[in-house]
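S.K.: full-length UniProt numbering puts the first residue of the sequence shown at 1, with every later residue one more than the last. Heads up, the beta-carbon is just placed ideally off N, CA and C, and yes, glycines get one too.
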Amino acid sequence: MRAVAAPCKRQNENNPFTTSTDRLKKNAGPTRLLAGVPVPASLVPSLTSPRLRQRDEMSTIYLLHKPYRMLSQFTDDQGRDTLAQVIDVPGIYAAGRLDYDSEGLLLLTDDGALIHHISDPRHKQPKKYWVQVEGQPDEESLDALRQGVTLKDGPTRPAKVRMLGSPGVGPRQPPIRQRQGIATSWLELTLHEGRNRQVRRMTAHIGFPTLRLIRVAIGPWRLDGLSPGEWRSETLNAPRPANHRQASTRRTRRHR
Numbered sequence: 001m002r003a004v005a006a007p008c009k010r011q012n013e014n015n016p017f018t019t020s021t022d023r024l025k026k027n028a029g030p031t032r033l034l035a036g037v038p039v040p041a042s043l044v045p046s047l048t049s050p051r052l053r054q055r056d057e058m059s060t061i062y063l064l065h066k067p068y069r070m071l072s073q074f075t076d077d078q079g080r081d082t083l084a085q086v087i088d089v090p091g092i093y094a095a096g097r098l099d100y101d102s103e104g105l106l107l108l109t110d111d112g113a114l115i116h117h118i119s120d121p122r123h124k125q126p127k128k129y130w131v132q133v134e135g136q137p138d139e140e141s142l143d144a145l146r147q148g149v150t151l152k153d154g155p156t157r158p159a160k161v162r163m164l165g166s167p168g169v170g171p172r173q174p175p176i177r178q179r180q181g182i183a184t185s186w187l188e189l190t191l192h193e194g195r196n197r198q199v200r201r202m203t204a205h206i207g208f209p210t211l212r213l214i215r216v217a218i219g220p221w222r223l224d225g226l227s228p229g230e231w232r233s234e235t236l237n238a239p240r241p242a243n244h245r246q247a248s249t250r251r252t253r254r255h256r
């Protein structure tokens with residue numbers, strides 16, 4: 001079985017996040033699609049939660065482009081922006097989190113097993129980021145990230161990293177604080193772990209502070225054309241029409 005999404009209501013041809021979704025290879029033996037990933041059927045009973053679905057019951061996952069300076073939760077007693085301002089689907093929770101001052105892909109669902117599978121580091125869902133840094137890292141600096149650097153909480157796992165040209169993303173509001181006369185660069189960084197503020201600490205460790213951080217993918221899910229504050233839904237464990245992959249894109253409320 002595969003994932004299928006509702007028809008797209010709006011497409012932005014100039015949006016840099018519009019890319020094809022990576023196709024998944026099925027594992028040998030009986031499998032189930034869980035969190036968009038083929039999982040051996042023998043492992044499924046261990047992924048239990050109060051919201052574990054029946055075998056033939058479909059789950060819905062929501063892909064949201066979290067804006068800058070927004071919490072990855074629906075309430076806040078300090079008056080900060082929350083997810084309630086951009087998505088109004090009842091009963092859903094974020095699978096993992098994204099820092100207040102970071103942007104990009106956040107996954108939400110009401111399926112507890114799905115949340116567990118996405119957020120639990122044991123399942124090693126790769127997370128891909130576009131990172132704007134101060135300065136221009138050389139290959140020696142990038143190799144340090146690839147091999148792993150030692151932070152205060154221990155060494156990091158090896159990461160995939162490459163230089164990007166300008167990714168074509170729109171300016172951030174408010175804009176980044178760029179020092180006069182110092183160039184900036186964009187990196188694409190893929191991690192298989194999720195420590196607190198890890199990307200920022202890694203780039204600072206090699207001498208290139210992070211100025212802007214956008215998460216563009218978690219496992220098989222990508223931003224795919226979503227602007228800040230927009231979201232789309234995808235249905236799991238349902239057949240996908242041949243040669244068709246689209247999603248309903250929505251902006252619930254105008255983000256201030």
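#1: Going along the chain, which residues of its own chain have a beta-carbon closer than 6 angstroms to the beta-carbon of Ser185, five neighbours each way excluded?
#2: Using the Cβ count rule (16 or more neighbours within 10 Å means buried), how would you classify Asp224?
#3: Do Arg172 and Tyr68 have their C-beta atoms within less than 8 angstroms of each other?
#4: Quick one: what's got a C-beta closer than 8 angstroms to Met202's C-beta in the same chain, skipping five residues either side?
#5: Would Ala183 be called buried (16 or more neighbouring beta carbons within 10 Å of its own) or exposed?
#6: Please work out which residues of its chain come closer than 6 angstroms, Cβ to Cβ, to Lys124, disregarding the five sequence neighbours upstream and downstream, and give them in chain order.
#7: According to the Cβ coordinates, are Tyr129 and Val199 closer than 8 angstroms?
#8: Could you say which of Arg197, Ala94 and Pro228 lies nearest to His116 if we only look at CA atoms?
#9: Would Asp111 be called buried (16 or more neighbouring beta carbons within 10 Å of its own) or exposed?
#10: So, helix, strand or coil for Ala84, using DSSP?
M.R.: So, to answer that:
#1: Val133 and Gln136
#2: buried
#3: yes
#4: Leu145, Val149, Leu151, Thr156, Ala159 and Leu189
#5: exposed
#6: His192
#7: yes
#8: Ala94
#9: buried
#10: helix
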